[in-house]
Every structure is written in C-alpha cells, then in structure tokens.
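Numbering (our numbering), first residue to last: 3 to 130.
Structure below.
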C-alpha cells in the first residue's frame with residue numbers, strides 16, 4: 003500500500019509542474035556536498051526571490067540544454083539586470099560564463115544521497 007503514495011510523490015516531484023522538483027545529479031562537480039547519483043529537491047523561484055539570492059546559495063540552472071547544480075560564487079548587477087557567477091565545489095575555477103535570470107530553475111532545498119544513482123548509471127550506459 004505504500005508504493006502508490008510513493009509513486010504519486012515521485013511523479014509530482016519529477017514532473018516540474020509544482021513549486022518543487024527533484025533532479026538527479028549526474029556529475030561530481032559539487033562533491034563532497036552533493037555527489038553524483040544524489041537527488042536534489044529544487045525550489046522554483048520568482049524573479050523577486052532570484053534577486054534576493056546570496057553568495058553561497060546552490061543554484062540550479064539550464065545552461066545550453068544541460069541542468070547544472072553549482073554554488074553562487076559572485077553576483078553582478080547592472081541597473082535592473084542581475085547575473086550570477088557559479089562554481090562547482092569540487093572544481094578548481096569558477097564557471098567561464100554568467101547565469102542570467104531566465105536560465106535559473108531554482109535553488110537546492112534538500113538532497114537525498116545516492117538514490118538517483120540507478121538513473122545516472124542507466125543514462126551513462128545508454129549514451130556510451
């Protein structure tokens with residue numbers, strides 16, 4: 003009887019139609035804080051909430067059709083525009099690009115260790 007509620011919750015979190023969404027992390031760029039195979043629960047943000055982000059928040063964004071989970075390293079603003087420089091905790095240098103508001107999916111609110119690893123393994127196997 004517990005399987006049906008779990009399936010409903012899983013579908014709700016992965017569909018992207020709600021305030022929160024679950025995403026599987028596919029790389030180790032955020033290790034040791036967030037590891038490959040972890041699932042992160044992402045809170046979608048309004049434009050106003052995006053403007054209140056701080057250095058150190060973990061941002062989830064869509065960059066060239068890839069979902070990236072990296073920490074805010076610097077924030078730049080010019081008039082009404084705001085841009086974010088990000089960096090993976092396990093990367094030696096910040097990302098070479100700036101994130102614009104329209105690329106932001108949300109921020110990480112929760113992580114669940116390794117539960118998404120079967121998804122990552124399947125993806126790697128299909129795309130190798």
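Idealized CB from N, CA, C, for every residue including glycine. A quick note: this is a predicted structure, and the numbers were derived from the prediction, not measured.
Check                                                                                                                                                                                                      : Outcome
Between 28, 92, 105, 25, which lies nearest to residue 86 when the distance is taken from Cα to Cα?                                                                                                        : 105
Just the C-alpha distance for residue 60 and residue 33, rounded to the nearest angstrom, thanks.                                                                                                          : 13 angstroms
To the nearest angstrom, report how far apart residue 47 and residue 109 are at their CA atoms.                                                                                                            : 8 angstroms
Just list the beta strand (DSSP E) runs in the stretch 32-77, keeping only unbroken ones of 3 residues or longer that don't cross its boundaries, in chain order.                                          : 41-45, 60-65
Evaluate residue 49 with the Cβ neighbour count: other Cβ atoms within 10 Å of its Cβ, from every protein chain shown; 16 or more gives buried, anything less gives exposed.                               : exposed
State the start and end residues of the unbroken alpha helix (DSSP H) segment that holds residue 123.                                                                                                      : 119-128
Name, in chain order, the residues that DSSP records as bridge partners for residue 83.                                                                                                                    : 80
Following the continuous beta strand (DSSP E) through residue 116, name the residue where it begins and the one where it ends.                                                                             : Here residue 116 belongs to no beta strand (DSSP E), and DSSP marks it neither H nor E.
Look at the alpha carbon of residue 55 and the alpha carbon of residue 82, and state the distance between them as a whole number of angstroms.                                                             : 15 angstroms
Could you tell me which residues DSSP puts in a beta bridge with residue 29?                                                                                                                               : BP columns for residue 29 are empty, so no partner.
Name the residue from 75, 24, 84 whose alpha carbon lies nearest to the alpha carbon of residue 146.                                                                                                       : An answer regarding residue 146 cannot be provided, because it is not within the stretch 3 to 130 covered by the chain.
Would you report the Cα separation of residue 123 and residue 23, rounded to the nearest angstrom?                                                                                                         : 21 angstroms
Starting from the C-beta of residue 70, find all residues in its chain whose C-beta is less than 6 angstroms away, skip the five residues before and the five after it, and write them out in chain order. : 63
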